[in-house]
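In UniProt numbering, the protein residues as written are 1 to 730.
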């Protein structure tokens, strides 16, 4: 019974499986009306239209159709000729290979032998042309170096600066000649003496060359696809080829290298960093992605609290009193140490009972007015070797990890209100509650500084560009240029440390050096000068510049046209506002060598009134900079109290670190930069190390911390605003 019922089903499946598809050709008696033209005899184009033409045909269509047989004949014969010629040439070669190298193995060895023979041939040719190629390369390099020295590759700005530099020096030289001539004639009271200075020495001409009005440089050449001067005949936009066959992804455009135009369009240009060999993520986490329960407490001492003379131990207690399951009572303790001459206290802590508090201190928590049950007060007890010395109350608000997740902003605001209610004067308070990646900050001008982040974030890497001593230009000019006698034959007899009277290390373009950077922000000149005994710089002019000189060793004697005369020693700093113009001289009158750092800062405006001043060195100055930053120079428009004020937004700091000591943190704010010089010793800044005479360019924002080497370190730092001409890339 079951078999009978299954047969019809099997029959139906068979018919379905053996049936044709919808597009299979099946015999039919009539043609479908909709597809009548599809099934009629072809071609459907009438002969008169196909062979003669039609009003809708393009003329080229009939022209090609008439010549199609000839074209097929020509192309076919060309293809047959090429294939026959190739077969005739390849057949003997293939027969020889097949006869002598039967099988795949021999053919492979033959290919390897051919490659080895090719390499031997290349090596043979290279060995006999290498010397010539090297000479050709060096000749080309010499030509390029000569063009660089001639200024062929200078930009328009560098060309203008070079011309102004040469003009200033020429004017200064001619003025010096005139001053010398008129001074000599005035002393002799003779016009003939003045005329004697006009005599021209054939071996030493006053003018060697006349400046050319135009200098031919590489930047004057027209270049670029968008430069009309680079095209003999222009093209109409309709005739210009497209830059790309697809507007989102350029397949082969080379861009414009000279004009620094990227060859990639907007969608790709934004993701350039994703196509580099090594991708650097924008942020890194020090302790992983999950927040840690270990907190970092930083207590900034109020300004009205006297610093301790000996290390002081601090035991900090943070208490939060709660009455429900969501916010139970909790106590977190911290142990810290306050070092002398330090403005802050660092303490690491964890959960309840992380650091046991001595019962003898009697630290206890008291409710903080205005906070209810979620916050407590902190008693900080200072313990000295003599016992309990002092007790101060610190108003703190502590957020646990659970509270920070949901109520960080509201609780922080409540904490600030409570601090205001307690009226803690002459300071400020900040509470940072970290919840995931967001930080809620509140500031108050009447409480102590406080920062309790939920987990410690990785510090920002110090952005330093180290300039080693080898990159500086060492200048040793002729002593006669500055009114000095010739160098003695035996330099050791007088205690000289250098063969020439002067060795000056230029950090920026100066005097005969014009291949380096011209400035760093408003810092125009930094020269590290070593002057031997009984030598110096004769009277010379300055104008429109803020000039500062830091004496490192020896004694510097200054004398200017305003009647100022002074001798300064180690640690002293001399400043001079050149303004509308001033003459001065600098000499080392002693026999001991003199070393000083002279720096020029561009003033805020020109035409200032000349001014002179100094800050004496000595034991007091040495104590001010010992293992801490001494703020020596500041802007006249700032409220910072320094001994020296200049007409520019520039600050000068100095520190002398003892061997192995670490400097206090120096904040370089965002939009600020600094130029740091290792005057003596050696130091380390992050992963970078600086030796004597090395310098570093620093970009904010960062916290600058220096560590001295075994010999200690003397550091000079110029902090200023970051300008548009500042260097990028680090």
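Heads up, the beta-carbon is just placed ideally off N, CA and C, and yes, glycines get one too.
For residue 600, the first and last residue of its enclosing beta strand (DSSP E): 594-601
N- and C-terminal bounds of the alpha helix (DSSP H) containing residue 148: 103-149
Bridge-paired residues (DSSP) for residue 536: 587
Close beta carbons around residue 550, own chain, < 7 Å, minus the five adjacent residues each side: 573, 596, 597 and 716
Residues near residue 711 in its chain [Cβ-Cβ closer than 7 Å; skip 5 each side]: 659, 681 and 682
Which of helix, strand or coil DSSP assigns to residue 77: helix
Alpha-carbon spacing of residue 173 relative to residue 631, whole angstroms: 37 Å
Cross-strand partners of residue 644 (DSSP beta bridge): 633
Between the CA atoms of residue 648 and residue 194 - distance to the nearest angstrom: 42 Å
Three-state secondary structure assigned by DSSP to residue 200: coil
7 Å Cβ cutoff met for residue 642 and residue 608: no
Status (buried if at least 16 other CB within 10 Å, exposed otherwise) for residue 593: buried
Beta-carbon spacing of residue 601, residue 523 below 7 Å: yes
Where the alpha helix (DSSP H) through residue 176 begins and ends: 156-188
Buried or exposed (CB count within 10 angstroms, at least 16 for buried), residue 536: buried
Reference residue 219, options 159, 128 and 180, closest by Cα: 159
Beta strand (DSSP E) segment containing residue 710, residue limits: 707-721
C-beta contact flag for residue 798 and residue 586 at 7 Å: Nothing about residue 798 can be reported from this structure: the residues present for the chain run from 1 to 730 only.
Three-way DSSP call (helix, strand, coil) for residue 85 in this model: helix
For residue 701 and residue 670, believed in contact at Cβ under 8 Å, the rounded distance: 4 Å
Nearest-angstrom Cβ-Cβ length linking residue 688 and residue 464, presumed shorter than 8 Å: 5 Å
Start-to-end residues for the beta strand (DSSP E) that takes in residue 731: No answer is possible for residue 731: the residues shown for the chain start at 1 and end at 730.
Segment limits, beta strand (DSSP E) that includes residue 505: 502-506
Pick from 657, 652 and 637 that is closest to residue 628, judged by C-alpha positions: 657
Bounding residues of the alpha helix (DSSP H) (the contiguous stretch that carries residue 620): 619-625
CB-CB length for residue 510 against residue 547, believed under 8 Å: Rounded, the Cβ-Cβ distance is 13 Å, inconsistent with contact.
Cutoff 7 Å; reference residue 156; Cβ partners in own chain excluding five residues on either side: 219
Element boundaries [beta strand (DSSP E), containing residue 608]: Note, residue 608: premise wrong, no beta strand (DSSP E); not H, not E.
Beta-carbon gap between residue 617 and residue 554 smaller than 7 Å: no
Contacts around residue 475, its chain only, beta-carbon distance under 7 Å, and the 5 residues preceding and following it disregarded: 504, 506, 511, 512 and 513
CB of residue 217 within 7 Å of CB of residue 123, strictly: no
Separation of residue 582 from residue 707, as counted between CA atoms: 41 Å
C-alpha distance - residue 500 paired with residue 134, whole-angstrom precision: 38 Å
Rounded straight-line distance, which links the Cα of residue 199 to that of residue 634: 49 Å
Closest by C-alpha distance to residue 495, when choosing among 560, 213, 590 and 169: 590
Same chain, Cβ closer than 6 Å to residue 59, five either side skipped, listed in chain order: none
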